[in-house]
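Q: In this note's numbering, the protein residues as written are 2 to 167. Beta carbons are placed, not taken as given, at the ideal position from N, Cα and C, and that holds for glycine.
Here is the structure:
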């Protein structure tokens, strides 16, 4: 997907389609997008090799990022980021500080680490691909996938290790 100026627009196109589909199918009352910042986090200060094996974002994708921010701005969708913290930390903080209030929280991510945050009123949401239905993971879904309760996921992942985090 290249525009008339020769710019690759595949990432903003895919991102915009996912957000528009989410809005169309799920009609969320509130919606925010959480991002990492390029600066190191407190984990890098604790362990210098944190995520040392993870590939950097390709330059072509990095160049498309401003278009994603522009789309979110035009849509009136707030973004959340904080230097020194990963998006994961911010999403976890929102879950801990906002639940179990009356608003249900759906974390749109495929990152298995988030399964530790699932509880009554907090779910993981994955859009279906290729015509498949979207998937909602609840506490029962965590038990099915990991064989443990959400609060035990951190222990299971700790025992398994994660090469992407080094």
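Do residue 128 and residue 19 have their CB atoms nearer than 8 Å?
A: Counting from 1 along the chain shown, the entry for residue 128 is found at position 127. Counting from 1 along the chain shown, the entry for residue 19 is found at position 18. Yes; because the gap between Cβ atoms is below 8 Å, this pair is in contact.
Q: For residue 138, count the other beta carbons within 10 Å of its own beta carbon; 16 or more makes it buried, fewer makes it exposed. Which is it?
A: Within the chain shown, the letter at position 137 stands for residue 138. Burial call: buried.
Q: If we call anything under 8 Å between Cβ atoms a contact, is residue 61 one with residue 9?
A: Here residue 61 refers to the residue found at position 60 when the chain shown is read from its first residue. Here residue 9 refers to the residue found at position 8 when the chain shown is read from its first residue. It is a contact, given that the beta carbons lie within the stated cut-off.
Q: By a C-beta neighbour count over all protein chains shown, 10 Å radius and 16 as the cutoff for buried, is residue 84 buried or exposed?
A: Numbered from its first residue, the chain shown carries residue 84 at position 83. Counting Cβ neighbours within 10 Å, residue 84 comes out exposed, since fewer than 16 surround it.
Q: Does the Cβ of residue 43 have 16 or more other Cβ atoms within 10 Å, making it buried, or fewer, making it exposed?
A: In the chain shown, counting from the first residue as 1, residue 43 sits at position 42. Exposed is the call here.
Q: Please report the straight-line C-alpha distance between residue 123 and residue 33, rounded to a whole angstrom.
A: Position 122 of the chain shown, counting from 1, holds the residue named residue 123. Position 32 of the chain shown, counting from 1, holds the residue named residue 33. So the alpha carbons of these two residues sit roughly 15 Å apart.
Q: Where does residue 120 fall in DSSP's three states?
A: Working through the chain shown from its first residue, we reach residue 120 at position 119. If DSSP states are grouped into helix, strand and coil, residue 120 belongs with the strands.
Q: What residue ranges within the region 122-155 form continuous beta strand (DSSP E) runs of no fewer than 3 residues, ordered along the chain?
A: As for any beta strand (DSSP E) of minimum length 3 sitting wholly inside the region 122-155, the runs are 123-127 and 136-138, ordered along the chain.
Q: Could you please give the first and the last residue of the uninterrupted beta strand (DSSP E) stretch that includes residue 78?
A: On the chain shown, residue 78 is found 77 positions in, with the first residue counted as 1. Segment: none, residue 78 is in no beta strand (DSSP E) and carries neither H nor E.
Q: Going straight from the alpha carbon of residue 251 to that of residue 53, what length do you get?
A: No statement about residue 251 is possible, as the shown extent of the chain runs from 2 to 167 and does not include it.
Q: For the candidate residues 105, 14 and 47, whose alpha-carbon lies nearest to that of residue 68?
A: In the chain shown, counting from the first residue as 1, residue 68 sits at position 67. Among 105, 14 and 47, the Cα nearest to that of residue 68 is on 14.
Q: Does the beta-carbon of residue 79 have 16 or more other beta-carbons within 10 angstroms, so that it is buried, or is it exposed?
A: Against the chain shown, residue 79 aligns to sequence position 78. The residue in question, residue 79, is exposed, as its Cβ has fewer than 16 Cβ neighbours within 10 Å.
Q: Would you grab the beta carbon distance between residue 35 and residue 91 for me? Rounded to a whole angstrom, and I think it's under 8 Å.
A: As a working note, residue 35 is residue 34 in the chain shown. As a working note, residue 91 is residue 90 in the chain shown. Rounded, the Cβ-Cβ distance is 5 Å, consistent with contact.
Q: Are there 16 or more other CB atoms within 10 angstroms of the CB of residue 151, so buried, or fewer, so exposed?
A: Here residue 151 is taken as the residue at index 150 of the chain shown, counted from 1. With 16 or more Cβ atoms within 10 Å of its Cβ, residue 151 is classed as buried.
Q: Need the endpoints of the alpha helix (DSSP H) that residue 108 sits in, please.
A: Counting from 1 along the chain shown, the entry for residue 108 is found at position 107. Residue 108 -> not in any alpha helix (DSSP H); beta strand (DSSP E) instead, spanning 106-109.
Q: Can you tell me whether residue 161 is buried or exposed? The criterion is at least 16 other CB atoms within 10 Å of its CB, across all chains shown.
A: Numbered from its first residue, the chain shown carries residue 161 at position 160. Exposed is the call here.
Q: Determine, for residue 54, whether the minimum Cβ-Cβ distance to residues of chain D falls below 8 Å.
A: As a matter of chain content, chain D is missing from the structure shown, which is built from one protein chain.
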